[in-house]
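K.L.:
With the first letter of the sequence shown counted as 1, position 210 gets the number 211 in the numbering used here; the numbers rise by one all the way through.
All C-beta atoms, glycine included, are put in the ideal place defined by N, C-alpha and C.
Computed from a predicted structure; not experimentally measured.
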Amino acid sequence: MLELTPLRYFMSALEMGSFSHAARANGVSQPTVSAAIQKLEDLMGGDLFYRHRRGLTVTPLGERLYAEAAGSVAQLSGMVQRLQASERRLLRIHCPPDVLLASFTAGFRALRLAHPETYLSFAPVLEEADLALISEGCVPAGHDFFPLRTESYGVALPQAHVLAAGSSVDLADLRDEARIHRPYCPNADSMPDEQGLIPLPPAQALHDQQVLDLVAAGLGVAFVPMSHDGIHGGVTVRPLRNAPEVFRTLGVSSRKTVFARQFAQFLVAARQ
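Dropping the structure here:
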């Protein structure tokens, strides 16, 4: 008989890539998660994961189980709260325009499984949020910061662009390329202007998803974090050569409350 708890541990391990992260997300020990998944594998008659030193890789059987169970587990996990008519906890999140949610989707899935009573609402104003998915240099006063990764900037090009075929792009090769303007990001437009390489921008975006759409449409190139590579099917991001080195540290900031700090640490742990 399939039980809800082992299925929840299995889904957390699949989404986070390790038993230790799944244990942390569910508030239990790693041996507890390992034992539960082993029993689940015995019941299913096969391995759900390939175990290796770098983490876990799901097997075909595990993929089928996930596809079958995902909706049911999410539904059942929140059943007690729904039947008890408990109040939903509102978690207000701010996402600046230079941060794409794709970096945090695994954390959101894990949060939904572990805390189905939590209602996510995106706050347009940073000061109104419990959490922010943010660069370290933009963390507001009164927030703690939990770093996720440090990354460099590169150039976003249409996938069919001749420069996209190389492993990197020399800044001088962008002399005649129009550039999509990103006025909201501290590092967005600081690299090339001093050298006078880039003409006046043909467009100005409100956020980076628009930037990628405009690049894919062929309106110009853009300087974006390297983690944007692979997000848009029509865009390739390449590292720059002979350009100033610009980096950002991306993470989660939270209000100095137990509630906000708990969820900030949860989202970071789910991405590591």
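Going by the beta-carbon positions, is the gap between Ala157 and Val216 smaller than 8 Å?
P.N.:
yes
K.L.:
Do you know how far the Cα of Asp177 is from the Cα of Arg110?
P.N.:
43 Å
K.L.:
In chain order, what residues of the same chain lie with their CB nearer than 8 Å to the CB of Tyr310, ignoring the 5 residues before and after it?
P.N.:
Residue 310 falls outside the range modelled here, since the chain spans only 2 to 273, and no answer is possible.
K.L.:
Can at least three beta-carbon pairs, one atom from the region 128–137 and one from the region 254–269, be found at a separation below 8 Å?
P.N.:
With a cut-off of 8 Å, the region 254–269 and the region 128–137 count as touching, because enough Cβ pairs lie within range.
K.L.:
What distance in whole Å lies between the Cβ atoms of Leu101 and Gln205, which are believed to be in contact at a cut-off of 8 Å?
P.N.:
18 Å between Cβ atoms; not a contact.
K.L.:
Would you grab the beta carbon distance between Gly234 and Pro159 for me? Rounded to a whole angstrom, and I think it's under 8 Å.
P.N.:
No, Gly234 and Pro159 are not in contact; Cβ-Cβ is about 11 Å, not under 8 Å.
K.L.:
With DSSP as the reference, label Ser254 as helix, strand or coil.
P.N.:
The answer is strand: DSSP assigns Ser254 an E or B state.
K.L.:
Going by CA-CA distance only, name the one from Ala26, Thr151 and Gly18 that's closest to His54.
P.N.:
Per the sequence presented here, residue 54 reads as Arg, with His not at that position. Checking every option, the nearest Cα to that of Arg54 belongs to Gly18.
K.L.:
Could you spell out the range, first to last residue, of the alpha helix (DSSP H) harbouring Arg113?
P.N.:
For Arg113, the enclosing alpha helix (DSSP H) starts and ends at Thr106 to Ala115.
K.L.:
With a CB to CB cut of under 6 Å and the five nearest residues on each side skipped, what residues in its chain are close to Ser169?
P.N.:
Arg239, Pro240 and Arg242
K.L.:
Between Gly72, Leu114 and Pro32, which lies nearest to Ala26 when the distance is taken from Cα to Cα?
P.N.:
The residue among Gly72, Leu114 and Pro32 with its C-alpha nearest the C-alpha of Ala26 is Leu114.
K.L.:
Assuming His144 and Ala124 make a contact with CB atoms under 8 Å, what is their CB distance in whole Å?
P.N.:
Incorrect: roughly 13 Å between the Cβ atoms, too far for contact.
K.L.:
Could you check if Thr237 is buried or exposed, using at least 16 other CB atoms within 10 Å of its CB as the buried criterion?
P.N.:
buried
K.L.:
Taking the C-alpha atoms as reference points, what is the distance between Leu198 and Val212?
P.N.:
Confidence is the limiting factor: at Leu198 the pLDDT is only 49, short of 50, which leaves the residue's position unreliable and the question unanswerable from this model.
K.L.:
Given a cut-off of 8 Å on the beta-carbon distance, is the pair Leu92 and Leu121 in contact?
P.N.:
The answer is yes: Cβ separation under 8 Å.
K.L.:
Out of Met12, Asp48, Ser21 and Gly46, point me to the one whose CA is closest to Gly72's CA.
P.N.:
Met12
K.L.:
Find out if the Cβ-Cβ distance for the pair Asp43, Thr60 is shorter than 8 Å.
P.N.:
no
K.L.:
Among Ser136, Pro203, Val222 and Ala261, which residue has its Cα nearest to the Cα of Pro98?
P.N.:
With distances taken between Cα atoms, Pro98 lies closest to Ser136.
K.L.:
Taking 6 Å as the limit between beta carbons, can you name the residues of its chain near Phe20, skipping five residues before and five after?
P.N.:
Ala14, Gln31, Val34 and Ser35
K.L.:
Out of Thr6, Ser104, Glu16 and Ala68, which has the shortest C-alpha to C-alpha gap to Asp230?
P.N.:
Ser104
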